[in-house]
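Working notes, structure below.
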Amino acid sequence: NAGVTQTPKFRVLKTGQSMTLLCAQDMNHEYMYWYRQDPGMGLRLIHYSVGEGTTAKGEVPDGYNVSRLKKQNFLLGLESAAPSQTSVYFCASSYNRQVQPQHFGDGTRLSIL
Amino acid sequence: DAKTTQPPSMDCAEGRAANLPCNHSTISGNEYVYWYRQIHSQGPQYIIHGLKNNETNEMASLIITEDRKSSTLILPHATLRDTAVYYCIVRVASGGAQKLVFGQGTRLTINP
């Protein structure tokens with residue numbers, strides 16, 4: 266039981282390049298989330314999904330797209346990377362219950378030059 | 008969601024109880040108090056949550072004041088591995104997605 270797995274763990278991009286971050290969970294959770302964390306700050310929600318085929322915007326969605334084609338996977342895409350998107354990205358998942366703790370992956374460290 | 012206030016940093020000696028306070032004076036009746044922690048460079052880890060009663064699990068205890076305007080997370084016998092940033096979050100529990108709002112938290116350092 267791996268929990269929440271994020272790939273890749275590290276990546277360096279040039280401005281304007283695109284890439285996709287993958288989040289996979291094996292807990293059969295309905296909900297999945299993408300957060301970003303900048304130095305010295307708390308996490309901020311980018312996008313989230315309440316089920317397969319559904320996505321919604323969080324606090325800081327601009328510049329990102331997401332897809333949830335399978336229940337266990339949640340993809341975060343950067344179509345044209347910008348230096349301001351240099352950050353650590355965390356994925357999380359949770360059950361669809363009234364009080365449901367979120368389980369987090371170990372993050373993807375993304376640098377955009 | 009109600010705003011929370013935590014001290015930016017705290018120190019505690021190894022083996023002693025670590026008591027982390029959190030103020031949430033604008034909390035409403037249907038909002039829960041959640042605690043997460045983030046050990047350096049790892050993803051946040053859920054610790055405990057509560058509504059009005061005190062709660063205890065294998066990791067910690069949560070004491071919520073009777074007026075619910077503040078709470079304290081207690082790590083009963085702190086170890087060096089408890090050094091982390093601790094986040095207190097107040098959130099309505101509902102059937103919808105839990106859009107957690109992480110503040111800056113308390114950086115707890117456990118000293119040998």
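Listed in order, the protein sequences are those of chains L and U. Residues in the first sequence are numbered from 266 upward in steps of one, following the numbering used here. Residues in the second sequence are numbered from 8 upward in steps of one, following the numbering used here. Yeah, the Cβ is synthetic: ideal placement off N, Cα and C, and Gly gets one too. If you're wondering where the values come from, they're calculated on a predicted model, not measured in any experiment.
- In the structure shown, the three-state DSSP call for residue 80 (chain U) is strand.
- For residue 371 (chain L), the closest Cβ of chain U is nearer than 7 Å.
- Within the same chain, Cβ atoms closer than 6 Å to the Cβ of residue 275 (chain L) are found at 374, the five residues on either side in sequence being excluded.
- Here residue 54 (chain U) is buried: its Cβ has 16 or more other Cβ atoms, across all protein chains shown, within 10 Å.
- The continuous beta strand (DSSP E) containing residue 322 (chain L) extends over residues 319-322.
- Collapsing the DSSP output to three states places residue 333 (chain L) in coil.
- In summary, the residues of the stretch 347-369 of chain L whose CB is separated from some CB of chain U by less than 9 Å are 353, 355, 356, 357, 359, 361, 362, 363, 364, 365, 366, 367, 368, 369, in the order they occur in the chain.
- Residue pairing for residue 28 (chain U): DSSP places it in a beta bridge opposite U:79.
- Residue 56 (chain U) and residue 68 (chain U) have their C-alpha atoms spaced approximately 9 Å apart.
- Between the stretch 277-297 of chain L and the stretch 312-320 of chain L, the count of C-beta pairs closer than 8 Å reaches three or more; the two stretches touch.
- Note that the stretch 343-361 of chain L touches the stretch 271-287 of chain L; at least 3 beta-carbon pairs, one per stretch, sit closer than 8 Å.
- At least 7 Å separates the CB of residue 318 (chain L) from every CB of chain U.
- DSSP places residue 349 (chain L) within a helical segment (H, G or I) once states are collapsed to three.
- Between residue 358 (chain L) and residue 292 (chain L), the beta carbon gap of about 6 Å places them in contact (Cβ cut-off 8 Å).
- Leaving aside the five residues that flank residue 15 (chain U) on each side, the residues in its chain whose CB is nearer than 7 Å to its CB run, in chain order, 111, 113, 114.
- Contact between residue 286 (chain L) and residue 341 (chain L) holds: CB atoms are separated by about 4 Å, below the 8 Å threshold.
- Inclusion of residue 91 (chain U) and residue 25 (chain U) in the CB contact set at 7 Å is not warranted, their separation being larger than that value.
- Here DSSP, grouped into helix, strand and coil, assigns residue 374 (chain L) to strand.
- Between residue 29 (chain U) and residue 78 (chain U) the beta-carbon gap is near 5 Å, inside 8 Å, which marks them as a contact.
- Under DSSP, residue 369 (chain L) takes part in a beta bridge, and its partners are L:357.
- Taking residue 108 (chain U) as reference, the option from U:41, U:23, U:36, U:37 with the minimal CA-CA separation is U:41.
- Using a Cβ-Cβ cut-off of 7 Å, residue 36 (chain U) does not count as an interface residue toward chain L, since no Cβ of chain L sits closer than that to its own.
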